[in-house]
Structure formats: C-alpha cells, structure tokens
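In this note's numbering, the protein residues as written are 110 to 363.
Listed below in structure tokens is the structure:
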C-alpha cells in the first residue's frame, strides 16, 4: 500500500491475466473521510495482509463500485466489512441483484462524506456510467477506466494491447475504447469540464500507477478527445471493452 497524499492510499493487486499473455495492472484507492473512517474505491481481491493494513488506518465504512465494469470484488469486500455502506454506479444494482447496494452514485455525495469528496458520473457513456471521485483536501482524482497510466507494462503482449487501445507510451492516456463508448458528446464534455474545474494535483487510476498531475496538464492529455469528440456507433449489444477478470457467475467485469 502506497501513501499518495495525507489521507489517500493506493493499493496495487496482482495483474489480471487476459488473453495472449496480457497482464493488466489493477488497484484500489482508499480515502480517509472526515469521521476518520475509510472509503474504498473499486475494491480488488483484498487479502488478509492488506485488510490488516487497512485496519491500522481505520474502519472501512464505504465501498464504491465505480462503474458497470468495475464490480467483481464488491461482494467479497462487503463480506469482509459487512458494516460498510455500498455505493453503485448507475445501473449496476440491476446488473448485480445478488448485492444489496445502499446508494446509487450521483453528483450529490453521501452526506457522511462531508465536504471531502466530490463525485461526477461521466455522462454520455452508458456502457461505463463511471463515477470518478475527487478528494478535496489532497486534490486527488480517483478513476476507473477514464484514464490509464501503465508506466511499467509486464511484457510485450501487454505493451502491444496498450498501444492498440491508445494507452501505451508509458504515460497517462485515455483509451480509444472509451472514446468509442461516447454516445452523447455534449453531455460527456460537460462532465469533463466539471472534472477539470477541480483543483486536481494527483490522479489515481485503477489501471496503472498514481501520478502527480494538475488539471491543466490533464486537460492537455484529454484535449484531442474532448475538443471534437466523434460519436462512434457500435453494433447492438457490443461493449466497448471486454471485461477484465470476468467471472462466469454473474457476468462480472472486475
């Protein structure tokens, strides 16, 4: 577990094994809330050692499943911390009826988060419905698939897939697959404008390493995508990204 800023931690997990030897890095973000409890964003396969490290920091009181593709281990986390409140991306509760979610994520944060956390569900991308969280005290933006920052790809196959999806180059980038998922350009741009209005200092992606970057530099990385975003129509029933770590039990993604 790495301390990124006061009250913010990044938890890396073993890379997800994909087709052809691809190894996709995954991680979670931990936020300390005003009441000193913890919020867990996009939980992974947390082991006993990591759970003990979290216990030293505080009690996990909120668990966030941030998108329609990031939810595989939410049930496991709920079993480990049964007292925690579960937050779902819009539409995820219907996809995962086996999990009792307490709240759907939206622009109005949970009252328990106080003034510490802002939320934006990126509009116009219905196959993701991703909620990004901004921690005001530290200037930290936590995202799932919105951007990748894989600076240490595991092997050639991983580098190749990252390059094909536009997330190679060992720097923070947005996937072409995300851009293909945009169905409402104006709505998506509105969400991005609101995100970039936050005083961002750090970005913590689920895929890749934490990075110190401010809003203006992040805007430059996204500028090509959101200056004139094409709306790409995919065939009916086609997802813009193959779920990583898919479980056959619930058609889970992650």
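The C-beta atom is built at its ideal place from N, Cα and C for all residues, glycine as well.
Legend entry - Extent of the continuous alpha helix (DSSP H) run through residue 265: As a working mapping, residue 265 is identified with position 156 in the chain shown. That run of the alpha helix (DSSP H) goes 265-273.
Inset, instruction - Output yes if chain C places a C-beta closer than 8 Å to the C-beta of residue 289; else output no. - result: In summary, chain C is missing from the structure at hand, where a single protein chain is found.
Inset, instruction - Reducing DSSP to helix, strand and coil, say where residue 121 ends up. - result: Locating residue 121 in the chain shown gives position 12, where the first residue counts as 1. Three-state result, residue 121: strand.
Inset, instruction - From the DSSP output, in three-state form, read off residue 228 for me. - result: Locating residue 228 in the chain shown gives position 119, counting from the first residue. Strand, per DSSP.
Legend entry - Nearest residue (CA-CA) to residue 207, options 229, 182, 149, 219: Position 98 of the chain shown holds residue 207. Minimum Cα distance to residue 207 is reached at 182.
Inset, instruction - Return yes when the Cβ of residue 257 is within less than 8 Å of the Cβ of residue 316, no when it is not. - result: Position 207 of the chain shown, counting from 1, holds the residue named residue 316. Position 148 of the chain shown, counting from 1, holds the residue named residue 257. In this structure, residue 316 lies near residue 257, with their beta-carbon atoms less than 8 Å apart.
Inset, instruction - Can you give me the Cβ contacts of residue 296 inside the same chain, cut-off strictly under 7 Å, excluding the 5 residues immediately before and after it? - result: By one-based count along the chain shown, residue 296 stands at place 187. Excluding residues within five positions, the ones whose Cβ falls inside 7 Å are 232, 233.
Legend entry - Simplified DSSP assignment, three categories, for residue 300: Numbered from its first residue, the chain shown carries residue 300 at position 191. The answer is helix: DSSP assigns residue 300 an H, G or I state.
Inset, instruction - Over the uninterrupted beta strand (DSSP E) stretch that includes residue 197, give me the two end residues. - result: If you number the chain shown from 1, residue 197 lands on position 88. Counting along the chain, the beta strand (DSSP E) containing residue 197 begins and ends at 194-197.
Inset, instruction - In the DSSP assignment, find the unbroken alpha helix (DSSP H) run with residue 185 in it and report its ends. - result: Locating residue 185 in the chain shown gives position 76, where the first residue counts as 1. Residues 183-189.
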